[in-house]
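Some notes on the structure that comes next.
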Amino acid sequence: MSLRSIALISFCVLLAACSKVNQENYSKLETGMPKAEVETLLGKPADCSGALGMSSCTWGDKNSFISVQYAADKVLMFSGQGLK
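Read left to right, the sequence shown gives residues -16 to -1, 1 to 68 (mature numbering (1 follows the signal peptide of the UniProt record, and there is no 0)).
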């Protein structure tokens, strides 16, 4: 295996270990928290949708994710799955 391949694999492992989608950050979420504060904690969401002052954003993938629902840019409720 070349040095370049080893470096790439190491980088991918390190990047996966640095994911903000984890139980520790999920535990910091609170109802009423501003959307900007959630994005500071979790980073930019993978997906967002909404209308009429309501929105829903998701971080992570289908196996491990955090989903947050907002009303007027404040956390209304949240859920998570597969968090470590």
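Heads up, the beta-carbon is just placed ideally off N, CA and C, and yes, glycines get one too.
Residues near residue i by beta carbon distance below 6 Å, same chain, minus five either side
i	result
Gly64	Tyr10, Ile50
Phe62	Leu13, Val52
Met17	Val59
Gly37	Ala56
For residue i, the residue or residues it bridges with in DSSP
i	result
Ser63	Ser51
Thr42	Asp31, Ser51
Among the options, nearest to residue i - alpha-carbon criterion
i	options	result
Lys4	Asp45, Gln53, Lys58	Asp45
Backbone CA spacing between residue i and residue j [nearest angstrom]
i	j	result
Gly27	Glu8	14 Å
Thr24	Arg(-13)	33 Å
Thr15	Ala55	10 Å
Asp57	Trp43	16 Å
The alpha helix (DSSP H) enclosing residue i, as first and last residue numbers
i	result
Ala35	Element bounds for Ala35: not the alpha helix (DSSP H) but the beta strand (DSSP E), 31 to 35.
Thr15	Careful: Thr15 lies outside any alpha helix (DSSP H) and carries neither H nor E.
Cβ shell of residue i (< 8 Å), same chain only, five flanking positions each side left out
i	result
Val67	Sequence inspection shows Leu at residue 67; the Val mentioned does not correspond to that position. Counting only Cβ-Cβ distances below 8 Å, and skipping sequence neighbours, we find Val5, Asn6, Gln7, Tyr10, Ser48, Ile50.
Cys32	Ser39, Ser40, Cys41, Thr42
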